[in-house]
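Colleague:
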Amino acid sequence: MAKAKLPDGKVMEVPDGASVKDVAAKIGPRLADAAVAAKVDDRLVDLATPLAGEHEVRIVTPKDPEALEILRHTTTHVMAQAVRRLFGDQVQYTIGPALTEDFQYGFYYDFDFPDGVRVTEGDLERIEAEMQRIVDAKLPLARKVESTESAKRELLDEHHQRYKDEMIEDLVRGEGVKEVSLYRQGEFLDMCRGPHLPDTGKIPAFKLLATAGAYWRGDEHNKQLTRIYGTAFFSRKELEEHLARIEEAKRRDHRKLGKELEIFAFDDEVGPGLPLWLPAGGVIIEELERLAKQVEAEAGYLRVRTPHVTKEDLFIRSGHLPYYAESMYPPMELEGVKYYVKPMNCPFHHKIFSSRTRSYRDLPIRLAEYGACYRYEKSGELTGLLRVRSMQMNDAHIYCAEDQFEDEFIAVVRMYERYFKLFGIEKFVMRFSTHAKAALGKKYVDNERLWLKTEDMVRRTLIGNNVPYVEVADEAAFYGPKIDVQIWSAVGREFTLATNQVDFAVPGRFNLVFVNRNNEEETPLCIHRAPLSTHERMIGFLIEHYAGNFPAWLAPEQARLVPITDAQNEYAEKVRAQLAAAGVRASVDTSSERMNAKIRKAQKMKIPYMLVVGAKEADAGTVSVRERAAGDVGAMKAGEFVAKIADEIATRALHSTLAPAKVS
RNA sequence: GCCGAUGUAGCUCAACGGUAGAGCACGGCUUUCGUAAAGCCGGGGUUGAGGGUUCAAAUCCCUCCAUCGGCUCCA
Numbered sequence: 000m001a002k003a004k005l006p007d008g009k010v011m012e013v014p015d016g017a018s019v020k021d022v023a024a025k026i027g028p029r030l031a032d033a034a035v036a037a038k039v040d041d042r043l044v045d046l047a048t049p050l051a052g053e054h055e056v057r058i059v060t061p062k063d064p065e066a067l068e069i070l071r072h073t074t075t076h077v078m079a080q081a082v083r084r085l086f087g088d089q090v091q092y093t094i095g096p097a098l099t100e101d102f103q104y105g106f107y108y109d110f111d112f113p114d115g116v117r118v119t120e121g122d123l124e125r126i127e128a129e130m131q132r133i134v135d136a137k138l139p140l141a142r143k144v145e146s147t148e149s150a151k152r153e154l155l156d157e158h159h160q161r162y163k164d165e166m167i168e169d170l171v172r173g174e175g176v177k178e179v180s181l182y183r184q185g186e187f188l189d190m191c192r193g194p195h196l197p198d199t200g201k202i203p204a205f206k207l208l209a210t211a212g213a214y215w216r217g218d219e220h221n222k223q224l225t226r227i228y229g230t231a232f233f234s235r236k237e238l239e240e241h242l243a244r245i246e247e248a249k250r251r252d253h254r255k256l257g258k259e260l261e262i263f264a265f266d267d268e269v270g271p272g273l274p275l276w277l278p279a280g281g282v283i284i285e286e287l288e289r290l291a292k293q294v295e296a297e298a299g300y301l302r303v304r305t306p307h308v309t310k311e312d313l314f315i316r317s318g319h320l321p322y323y324a325e326s327m328y329p330p331m332e333l334e335g336v337k338y339y340v341k342p343m344n345c346p347f348h349h350k351i352f353s354s355r356t357r358s359y360r361d362l363p364i365r366l367a368e369y370g371a372c373y374r375y376e377k378s379g380e381l382t383g384l385l386r387v388r389s390m391q392m393n394d395a396h397i398y399c400a401e402d403q404f405e406d407e408f409i410a411v412v413r414m415y416e417r418y419f420k421l422f423g424i425e426k427f428v429m430r431f432s433t434h435a436k437a438a439l440g441k442k443y444v445d446n447e448r449l450w451l452k453t454e455d456m457v458r459r460t461l462i463g464n465n466v467p468y469v470e471v472a473d474e475a476a477f478y479g480p481k482i483d484v485q486i487w488s489a490v491g492r493e494f495t496l497a498t499n500q501v502d503f504a505v506p507g508r509f510n511l512v513f514v515n516r517n518n519e520e521e522t523p524l525c526i527h528r529a530p531l532s533t534h535e536r537m538i539g540f541l542i543e544h545y546a547g548n549f550p551a552w553l554a555p556e557q558a559r560l561v562p563i564t565d566a567q568n569e570y571a572e573k574v575r576a577q578l579a580a581a582g583v584r585a586s587v588d589t590s591s592e593r594m595n596a597k598i599r600k601a602q603k604m605k606i607p608y609m610l611v612v613g614a615k616e617a618d619a620g621t622v623s624v625r626e627r628a629a630g631d632v633g634a635m636k637a638g639e640f641v642a643k644i645a646d647e648i649a650t651r652a653l654h655s656t657l658a659p660a661k662v663s
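Following this line, the structure appears as structure tokens:
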């Protein structure tokens, strides 16, 4: 007899060789029906897995967090089977993982189609239809374990799968694997770790979403495959909610809203990735800069300004040219000297540091600049404001001694948190990027001892201060480890905005020194930080995050006066002047439209407050306040409104203080 | 840069081998009106650019440019 120890502590006896599905059935038929897979001693397995001896057994149902990945993984197999049925057995399938973190996609499979066969979005519908037939057929998925040799033979003989051959070879070479598992459903066979759903009929709701090119193994030197993206859920309702979320994100797309709200524009004759900031965008930029300057002044930063172009020599010294040249605009030559447009501000700030001798008493020195930089991003990488070629960074460099590092670093993290609170960003994670040994001297400066030391310092600081973080290898900057801050917008889409880098290499290249207590020269550390990212990416994010409904302090126009007839134009103008005197951005709509049309126009521009003034208001010296989300909130003395909105702006309130909070 | 899709008036779209059209926006006139669109008239397009096929091209083909979805890369 085998023993299954259940999560409630009970021990169930089943005959040797009975499957975990039998255990589920013995607990109850409803559970057996809902079961997706099982966890045996903390290992995820198929329901058909036989039991022997004593094990902890937990049945995985759609409610469990592991279930979704299994569902989606099985759906990729169904998709590959459908694709093979429709496009012939010469179709090569490569890898097809489930995605559970992505905003949009739930899985993909990369295919290599025979020459001349082209699969596009137009084909998705018939692939879905074939998938549905496979689901309806309720084909059982059967697992078998085979030696790598016979698995290779089977996949090649029956299915002509050359990529699988390469993958198995790699497993043998890399991990010394001797056996692999294969899954079969109907005529379809694939190599896969599993586990999978017991049969294809257990896929309640799925949809294919997009096709795309993707390099084999993610390497741009390899062949480009055709990727098909889709998603799957345990209920039709969840799928529909997911699709609605995607639609909502589209409605909030910063490119669409940025055009409608006249925040920025691109022009073919100016060039790709080079945004023009329209007056409304100019206002948002001004407000962000005002915020940053205020916060940085409080935190002891000093503002500096540096040129946009510089001689080649500076970037040779900084090390940008060997490591970063392909992201830089090519040089221009003047009087025999090469000049580059700057992709980063740091070398200039280093020069400011070294413009005089520095004592340990001067440290830390924090140099800040909203520096305009230019990077030559590859054409296919440009997207609206989120990826541009000209950008203005909320940049600063903190020069400090090693024993000041932790305090300085944490002060920067606290600054992030302060901003996140202000913008209503609720979820964030620090993504800590470290070097990879193999790429020392290529992607990274070649000094392993300093890499390890610095990384350790950062890690200890993050842990010691309870900062949530994840660690990723091989994504550091060339001069030191990097912390990117991932945040999530109100619709749940992930953005990487702010960045923070610890530079142990370049200060040395610039011979930056300070005189320490013992009258010795010492090289400072440099922390690069950009909590508000670039104007471009930050504003792109904020547009989506707020769906264009900026809080009053950021709104390009904060109040719109709506006279009911021409007779009130003069009174409206008086109120506008009062608002302007209090620093409020407001205008009067003197067009010959009716009030309804004026309101509609102001609503569409997402102006926080509309002030309707008719004969009644003009006589009483009041304004009828309409808040963009709450609607009519009643009349008040003009002076009272001015005071209230001025306060809302001064405190940078996230929500209207004049109307009940509403869900956007 | 690579794979795929798309490109018609300022914006959103129609015309799908036979003289380029609508709504909004814009200009003029009329209307003076109580919380999301008053009415009439008018101006506006070498159909992304260049080449080709055809009696005839927005429409079919080629090259380039730009945009979108991804890959690679990244603030």
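Going by numbering that gives the first Met the number 0, the first sequence runs without a break in its numbering and finishes at 663. Note that CB positions come from ideal geometry on N, CA and C, so glycine has one too. All figures in this text were calculated on a predicted structure; none of them were measured in a lab.
Measuring straight from C-alpha to C-alpha, what distance separates lysine 661 and valine 624?
Modeller: Residue confidence for lysine 661 is low, a pLDDT of 49 falling below 50, so the modelled location carries little weight; the figure read from the coordinates is stated next. Using only the alpha carbons, I get a separation of about 16 Å.
Colleague: Which of the three DSSP states is assigned to serine 247 in this structure?
Modeller: Per the sequence shown, residue 247 should be read as glutamate rather than serine. Looking at glutamate 247 - three-state DSSP - the assignment turns out to be helix.
Colleague: I need the straight-line Cα distance from alanine 628 to methionine 414, nearest angstrom please.
Modeller: Computed Cα separation, rounded: 31 Å.
Colleague: Bridge partners of glutamate 212, per DSSP?
Modeller: The identity of residue 212 in the sequence shown is glycine, whereas the question assumes glutamate. The partner list for glycine 212 (beta bridge, DSSP) reads Thr225.
Colleague: Can you tell me whether tyrosine 108 is helix, strand or coil according to DSSP?
Modeller: Residue state, collapsed to three classes: strand.
Colleague: What residues are listed by DSSP as bridge partners for threonine 533?
Modeller: Met392.
Colleague: Where DSSP assigns a beta bridge to phenylalanine 205, which residues make up the other side?
Modeller: Its beta-bridge partners are Ala231.
Colleague: When the Cα atoms are used, what is the spatial distance from leucine 123 to glutamate 425?
Modeller: Distance between the alpha carbons of leucine 123 and glutamate 425 is about 36 Å.
Colleague: Can you name, in chain order, every residue of its own chain whose Cβ lies under 8 Å from the Cβ of tyrosine 300, other than the five neighbours on each side?
Modeller: Cβ within range, chain order: Arg365, Leu366, Ala367, Ala395.
Colleague: Taking the C-alpha atoms as reference points, what is the distance between leucine 130 and tyrosine 418?
Modeller: According to the sequence provided, residue 130 is methionine. The question's leucine does not apply to it. Their backbone Cα atoms lie some 47 Å apart in a straight line.
Colleague: Between the stretch 57-64 and the stretch 171-184, can you find at least three pairs of beta-carbon atoms closer than 8 Å?
Modeller: No: the two stretches stay apart, fewer than three of their Cβ pairs being nearer than 8 Å.
Colleague: So, using beta-carbon positions, are phenylalanine 106 and valine 90 closer together than 7 Å?
Modeller: The answer is no: Cβ separation not under 7 Å.
Colleague: Histidine 220: buried (16+ other C-beta within 10 angstroms of its C-beta) or exposed?
Modeller: The residue is exposed, with fewer than 16 neighbouring Cβ atoms inside 10 Å.
Colleague: Our contact map puts glutamate 259 next to alanine 279 with C-beta atoms below 8 Å; I'd like the distance itself, whole angstroms only.
Modeller: Incorrect: roughly 11 Å between the Cβ atoms, too far for contact.
Colleague: In angstroms, rounded to a whole number, what distance separates the CA positions of glycine 633 and proline 530?
Modeller: Looking at the two C-alpha atoms, the distance is approximately 40 Å.
Colleague: Tell me whether glutamate 470 sits in a helix, a strand or coil according to DSSP, three-state version.
Modeller: In this structure, glutamate 470 counts as strand in the three-state DSSP scheme.
Colleague: With a floor of 4 residues, list each alpha helix (DSSP H) that falls wholly inside the stretch 126-178, ordered by position along the chain.
Modeller: Listed in chain order, they are 147-158, 161-174.
Colleague: Give, in chain order, every unbroken run of the alpha helix (DSSP H) that is at least 4 residues long and sits entirely within the stretch 597-640.
Modeller: 614-619, all fully within the stretch 597-640.
Colleague: I'd like the list of long-range same chain contacts for isoleucine 94, defined as Cβ closer than 7 Å, with 5 residues on each side in sequence excluded.
Modeller: Answer for isoleucine 94: Asp109, listed in chain order.
Colleague: Where does tyrosine 328 fall in DSSP's three states?
Modeller: Of the three classes helix, strand and coil, the one that applies to tyrosine 328 here is coil, per DSSP.
Colleague: Helix, strand or coil: which one does DSSP assign to glutamate 53?
Modeller: Three-state result, glutamate 53: strand.
Colleague: Note the first and the last residue of the continuous alpha helix (DSSP H) segment covering valine 665.
Modeller: What the structure shows of the chain is the stretch from 0 to 663, and residue 665 is not part of that stretch, so it cannot be assessed.
Colleague: Of all the options Glu592, Ala580, Ala546, which has the alpha carbon lying nearest to the alpha carbon of aspartate 565?
Modeller: When only C-alpha atoms are compared, the closest one is Glu592.
Colleague: Count the other C-beta atoms from every protein chain shown that fall within 10 angstroms of the C-beta of serine 354, then say buried if there are 16 or more, exposed otherwise.
Modeller: Serine 354 comes out exposed.
Colleague: Where DSSP assigns a beta bridge to alanine 502, which residues make up the other side?
Modeller: The sequence as given places aspartate at residue 502; alanine does not occur at that position. Looking at the DSSP assignment, aspartate 502 forms a beta bridge with Cys525.
Colleague: Is tryptophan 450 helix, strand or coil when you go by DSSP?
Modeller: Helix, per DSSP.
Colleague: How is the alpha helix (DSSP H) around glycine 668 delimited, first residue to last?
Modeller: The displayed coordinates of the chain run from 0 to 663. Any statement about residue 668 would go beyond what the structure contains.
Colleague: Please go through the same chain and pick out, in chain order, the residues whose beta-carbon is closer than 8 Å to the beta-carbon of lysine 249, but skip the five residues on each side of it.
Modeller: Only Lys255 meet the Cβ criterion.
Colleague: Could you give the distance in angstroms between the alpha-carbon of glycine 200 and the alpha-carbon of glycine 27?
Modeller: Cα to Cα, glycine 200 sits roughly 20 Å from glycine 27.
Colleague: Give me, in chain order, the residues of the same chain whose beta-carbon lies closer than 6 Å to that of aspartate 483; leave out the 5 immediate sequence neighbours on both sides.
Modeller: Around aspartate 483: Arg430, Thr495, Thr498.
Colleague: Find the nearest neighbour of aspartate 40 within the set Ala3, Ala642, Pro139, judged by alpha-carbon distance.
Modeller: The option with the nearest alpha carbon to aspartate 40 is Ala3.
Colleague: By Cβ distance below 7 Å, which residues in the same chain neighbour phenylalanine 509 in space, the five residues on each side in sequence not counted?
Modeller: Hits under 7 Å: Arg316, His349, Ser353.
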